[in-house]
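Engineer:
Protein chains: 2
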Amino acid sequence: MGRPTDTRDRILATARELFLEKGVRDTSLQHIADRLGITKPALYYHFSSRDDLLRTIVTPMFEELEAFLAEQAGATAEELLGAYFDLAWRRRDTLVMILSDLSVLHELDLIARMLAFREGLTTILMGGAPELGARIRATVAVGGLSDTVVMFPREPYEQVRQAAVAAAIMALRG
Amino acid sequence: MGRPTDTRDRILATARELFLEKGVRDTSLQHIADRLGITKPALYYHFSSRDDLLRTIVTPMFEELEAFLAEQAGATAEELLGAYFDLAWRRRDTLVMILSDLSVLHELDLIARMLAFREGLTTILMGGAPELGARIRATVAVGGLSDTVVMFPREPYEQVRQAAVAAAIMALRG
DNA sequence: GTCTATAAGTTGATAGAC
DNA sequence: GTCTATCAACTTATAGAC
Chain A
1 MGRPTDTRDR ILATARELFL EKGVRDTSLQ HIADRLGITK PALYYHFSSR DDLLRTIVTP
61 MFEELEAFLA EQAGATAEEL LGAYFDLAWR RRDTLVMILS DLSVLHELDL IARMLAFREG
121 LTTILMGGAP ELGARIRATV AVGGLSDTVV MFPREPYEQV RQAAVAAAIM ALRG
Chain B
1 MGRPTDTRDR ILATARELFL EKGVRDTSLQ HIADRLGITK PALYYHFSSR DDLLRTIVTP
61 MFEELEAFLA EQAGATAEEL LGAYFDLAWR RRDTLVMILS DLSVLHELDL IARMLAFREG
121 LTTILMGGAP ELGARIRATV AVGGLSDTVV MFPREPYEQV RQAAVAAAIM ALRG
């Protein structure tokens with residue numbers, strides 16, 4: 001891993017910036033180096049590969065999602081959806097990065113982890129192993145919630161949260 | 001444009017296949033040619049560029065979406081969401097292709113067209129120019145509906161449709 | 001219509017000097 | 001820690017023979 005250098009942090013910040021602006025796949029190490037005013041090999045001193053850099057940026061959200069699942073075992077649907085909205089809102093930059101190009105997940109072998117989270121959330125939301133109808137309603141609720149975070153990132157947090165969580169809860173009831 | 005050749009159709013079928021299997025960005029003309037047992041230059045006889053090929057596959061869905069919007073001007077929310085689900089379900093291969101890699105839209109300059117459709121649908125759904133809360137509820141409904149089509153493409157149409165549309169309608173009411 | 005051969009560019013990554 | 005120089009692999013695309 002290695003201690004956080006100054007340069008290392010600047011690389012991470014610039015990478016996040018470009019991944020968000022132009023998309024992960026359309027951002028090469030060359031672009032990142034150019035914007036930083038350094039050269040490509042300098043990047044390799046701080047990160048062992050492009051994968052390593054990307055993983056460093058993306059994985060914290062997954063760790064947070066999994067910790068979140070572990071905590072909320074006994075919560076109501078309303079508390080659960082509210083807490084999920086808050087996490088998604090806080091990590092919305094990463095969420096946009098991923099939802100704008102889901103093949104990033106495949107590139108980093110993170111698909112199973114994402115599906116496991118979704119399934120875990122659904123299971124807690126509906127209780128036990130739900131039948132198809134319940135899983136579909138949960139998909140509308142969770143998928144819809146995520147979409148609002150991506151579509152209204154500049155609108156006031158309170159307003160988005162109130163309307164989005166209310167809609168998700170209604171969808172869940174079907 | 002040109003009349004549909006036999007080879008041209010086989011190229012389109014194989015391209016659709018690979019775009020869906022491996023993703024649009026991870027499918028090169030080489031891959032398509034290899035699976036078809038022809039060479040890359042042969043592709044260029046039938047399509048003027050990779051863009052042309054991709055566009056030929058993707059744009060029919062947009063034309064259908066826009067025709068759909070024009071027809072449903074006076075429909076109820078329930079009819080509208082049901083008809084949208086049917087269209088998305090019928091075109092789910094294209095929808096998966098696009099939602100798996102939204103940068104495809106950017107590549108083909110189709111983002112504005114997609115947003116215009118979403119806005120048009122929202123406007124009809126809510127009537128007039130809706131305030132933020134209503135737009136958020138419509139986003140949960142339409143985004144959630146789209147997600148179910150992507151997540152449950154092999155489940156029975158009737159069951160998915162019934163549960164998904166019901167959930168979307170509830171979300172819309174908020 | 002389809003081929004061989006090739007151009008011209010980009011990418012991630014490494015060797016080795018300073 | 002950062003540089004110059006370079007590599008091998010891949011991409012879209014074209015010229016020209018058959």
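So the protein sequences, as listed, match chains A and B. Just so we're aligned: 72 in my numbering is position 72 of the first sequence, and the numbers increase by one with no gaps anywhere. Just so we're aligned: 160 in my numbering is position 160 of the second sequence, and the numbers increase by one with no gaps anywhere. Even for Gly, the Cβ is constructed at its ideal location relative to N, Cα and C. Please read all numbers here as calculations on a predicted model, not as lab measurements.
1) Let me know if A:D147 comes out buried or exposed under the rule of 16 or more other beta-carbons within 10 Å of its beta-carbon.
2) What residue from B:V58, B:I136, B:T14, B:D9 has the CA that sits closest to B:H46's CA?
3) Taking A:L42 as the reference, give the member of A:E131, A:L20, A:A73, A:T5 with the closest Cα.
4) Is the Cβ of A:Q159 closer than 8 Å to any Cβ of chain B?
5) Leaving aside the five residues before and after B:G144 along the sequence, list all residues of the same chain whose C-beta is less than 8 Å from its C-beta, in chain order.
6) Work out the CA separation of A:L87 and A:L65 for me, nearest whole Å.
7) Could you tell me if B:D101 is buried or exposed, where buried requires 16 or more neighbouring beta carbons within 10 angstroms of its beta carbon?
8) Between the C-alpha atoms of A:T59 and A:A70, what's the straight-line distance to the nearest angstrom?
9) Short of 9 Å Cβ to Cβ, which residues in the stretch 22-55 of chain A face chain B?
10) Am I right that B:R25 and A:S28 are in contact with their C-beta atoms under 8 Å? What's the rounded C-beta distance?
11) With DSSP run on the structure shown, which of helix, strand or coil describes A:D26?
12) So, is the C-beta of A:D101 closer than 8 Å to a C-beta in chain B?
13) If you run the structure through DSSP and keep just helix, strand and coil, what is B:D175?
14) How long is the line joining the alpha carbons of A:A138 and A:F85, rounded to whole angstroms?
15) Establish whether the CB of A:R137 and some CB of chain B are separated by less than 8 Å.
16) Taking Cβ-Cβ distances below 9 Å as the criterion, which residues of the stretch 53-79 of chain B are in contact with chain A?
17) Measure the Cβ-Cβ separation of A:H31 and A:L12 and say whether it is below 8 Å.
18) Can you tell me which of the three DSSP states B:Q72 falls into?
19) Are the C-beta atoms of B:T148 and some chain A residue less than 8 Å apart?
20) Would you call the CB atoms of A:V150 and A:L99 closer than 8 Å?
21) Leaving out five residues before and five after A:R161 in sequence, what residues of the same chain have Cβ atoms less than 8 Å from its Cβ?
22) Would you mind listing the alpha helix (DSSP H) stretches within the stretch 87-153 of chain B that are 4+ residues and don't spill past its ends, in chain order?
23) Do you know how far the Cα of B:G133 is from the Cα of A:Y157?
24) Under a three-way DSSP split, which group does B:T5 fall into?
25) What residues from chain B crowd round A:M151, counting only those whose CB sits closer than 9 Å?
26) Assuming B:V142 and B:L121 make a contact with CB atoms under 8 Å, what is their CB distance in whole Å?
27) Below 7 Å CB to CB, which residues in the same chain sit around A:A15 once its five sequence neighbours on both sides are set aside?
Structural biologist: Quick look at the numbers:
1) Looking up residue 147 of chain A in the first sequence gives position 147. Buried is the call here.
2) Counting from 1 along the second sequence, the entry for residue 46 of chain B is found at position 46. B:H46 has its Cα closest to that of B:D9, out of B:V58, B:I136, B:T14, B:D9.
3) Walking along the first sequence from the start, residue 42 of chain A turns up at place 42. The question names Leu, but residue 42 of chain A in the sequence shown is Ala. Considering only alpha carbons, the answer is A:T5.
4) Counting from 1 along the first sequence, the entry for residue 159 of chain A is found at position 159. Yes, contact with chain B.
5) Position 144 of the second sequence, counted from the first residue, corresponds to residue 144 of chain B. These residues qualify, in order along the chain: A164, A167, A168, A171.
6) To locate residue 65 of chain A, count along the first sequence from 1; it is residue 65. To locate residue 87 of chain A, count along the first sequence from 1; it is residue 87. Cα to Cα, A:L65 sits roughly 8 Å from A:L87.
7) Taking the second sequence and counting its residues from 1, the one referred to as residue 101 of chain B is at position 101. Counting Cβ neighbours within 10 Å, B:D101 comes out buried, since at least 16 surround it.
8) Against the first sequence, residue 59 of chain A aligns to sequence position 59. Against the first sequence, residue 70 of chain A aligns to sequence position 70. A:T59 and A:A70: Cα-Cα distance of roughly 17 Å.
9) K22, G23, V24, R25, D26
10) On the second sequence, residue 25 of chain B is found 25 positions in, with the first residue counted as 1. On the first sequence, residue 28 of chain A is found 28 positions in, with the first residue counted as 1. Wrong, their Cβ atoms sit about 14 Å apart, outside the cutoff.
11) Counting from 1 along the first sequence, the entry for residue 26 of chain A is found at position 26. It is coil, neither helix nor strand.
12) Reading the first sequence from its first residue, position 101 is the one you call residue 101 of chain A. Closer than 8 Å to some Cβ of chain B, the Cβ of A:D101 qualifies, so yes.
13) It is not possible to answer for residue 175 of chain B, since the shown part of chain B is limited to 1 through 174.
14) Locating residue 138 of chain A in the first sequence gives position 138, counting from the first residue. Locating residue 85 of chain A in the first sequence gives position 85, counting from the first residue. Straight-line Cα distance between these residues: approximately 14 Å.
15) Numbered from 1 along the first sequence, position 137 holds the residue referred to as residue 137 of chain A. Yes, because at least one Cβ of chain B sits closer than 8 Å to the Cβ of A:R137.
16) none
17) Here residue 31 of chain A refers to the residue found at position 31 when the first sequence is read from its first residue. Here residue 12 of chain A refers to the residue found at position 12 when the first sequence is read from its first residue. Cβ distance not < 8 Å, so A:H31 and A:L12 don't count as in contact.
18) For this step, residue 72 of chain B is matched to residue 72 along the second sequence. If DSSP states are grouped into helix, strand and coil, B:Q72 belongs with coil.
19) In the second sequence, residue 148 of chain B corresponds to position 148, counting from 1. So, interface residue.
20) Working through the first sequence from its first residue, we reach residue 150 of chain A at position 150. Working through the first sequence from its first residue, we reach residue 99 of chain A at position 99. Taking 8 Å as the Cβ cut-off, A:V150 and A:L99 qualify as a contacting pair.
21) Here residue 161 of chain A refers to the residue found at position 161 of the first sequence. Within the same chain, A:R161 has close Cβ partners G82, F85, D86, W89.
22) 92-100, 103-107, 111-126, 132-151
23) What you label residue 157 of chain A is simply residue 157 of the first sequence in a count that begins at 1. What you label residue 133 of chain B is simply residue 133 of the second sequence in a count that begins at 1. Their backbone Cα atoms lie some 12 Å apart in a straight line.
24) One-based indexing of the second sequence puts residue 5 of chain B at position 5. Of the three classes helix, strand and coil, the one that applies to B:T5 here is coil, per DSSP.
25) Taking the first sequence and counting its residues from 1, one reaches residue 151 of chain A at position 151. Those are R118, R135, I136, T139, G143, listed as they occur along chain B.
26) For this step, residue 142 of chain B is matched to residue 142 along the second sequence. For this step, residue 121 of chain B is matched to residue 121 along the second sequence. The pair is a contact, with the Cβ atoms about 6 Å apart (cut-off 8 Å).
27) Taking the first residue of the first sequence as 1, we reach residue 15 of chain A at position 15. These residues qualify, in order along the chain: I32, L53, I57.
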